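Have a look at the structure below before the remarks.
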């Protein structure tokens with residue numbers, strides 16, 4: 001990975017962030033207070049809870065301690081939710097739409113293509129002719 005780039009949170013991290021954000025609301029505490037108790041800045045916590053920044057296990061542990069939540073329960077709930085959302089029963093089948101065969105595509109292109117320029121004759125000036 002090039003320097004200066006950071007990985008984006010994956011589906012599991014985003015779901016953990018959603019659960020943590022719900023816990024902050026349920027506990028009716030300010031994000032700044034939770035951030036201070038977890039040893040991070042309020043802006044860092046805000047980015048984590050918005051699903052914009054991945055969090056480390058140590059950060060998750062500190063946040064769960066600050067909120068009185070269980071790390072294992074948070075991860076289990078997020079994992080179950082993420083797996084349910086991507087389970088084959090919940091995914092729509094892929095259907096191709098408006099896609100023809102190559103032969104149909106060529107025919108369609110021929111129908112809308114501009115006509116070819118006629119071959120140059122003596123009556124038509126060429127590009128090299130200064131007149």
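In the numbering used here, the protein residues as written are 1 to 131.
Built from N, CA and C at the ideal position, the CB exists for glycine as well.
Quick caveat, the model's predicted, so the values are computed rather than measured.
Annotation for residue 33: the continuous alpha helix (DSSP H) segment containing it runs 31 to 38. The distance from the Cβ of residue 32 to that of residue 42 is about 4 angstroms, consistent with a contact at the 8 angstroms cut-off. Cα atoms of residue 16 and residue 78: separation of roughly 5 angstroms, rounded to the nearest angstrom.
Cβ-Cβ distances below 6 angstroms link residue 45 to 31, 35 in the same chain, with the five nearest sequence neighbours on each side left out; the list follows chain order. When DSSP states are grouped into helix, strand and coil, residue 65 belongs to the helix group. Contact between residue 74 and residue 19 holds: their C-beta atoms lie close to 6 angstroms from each other, under 8 angstroms. Taking all protein chains shown into account, residue 9 has 16 or more neighbouring C-beta atoms within 10 Å of its C-beta and is therefore buried. Where residue 25 is concerned, the enclosing alpha helix (DSSP H) starts and stops at 11 to 26. Residue 28 and residue 22 have their C-alpha atoms roughly 10 angstroms apart. Closest by C-alpha distance to residue 39, out of 58, 25, 24, 53, is 58. In summary, residue 24 is buried, with 16 or more beta-carbon neighbours lying within 10 Å of its beta-carbon over all protein chains present.
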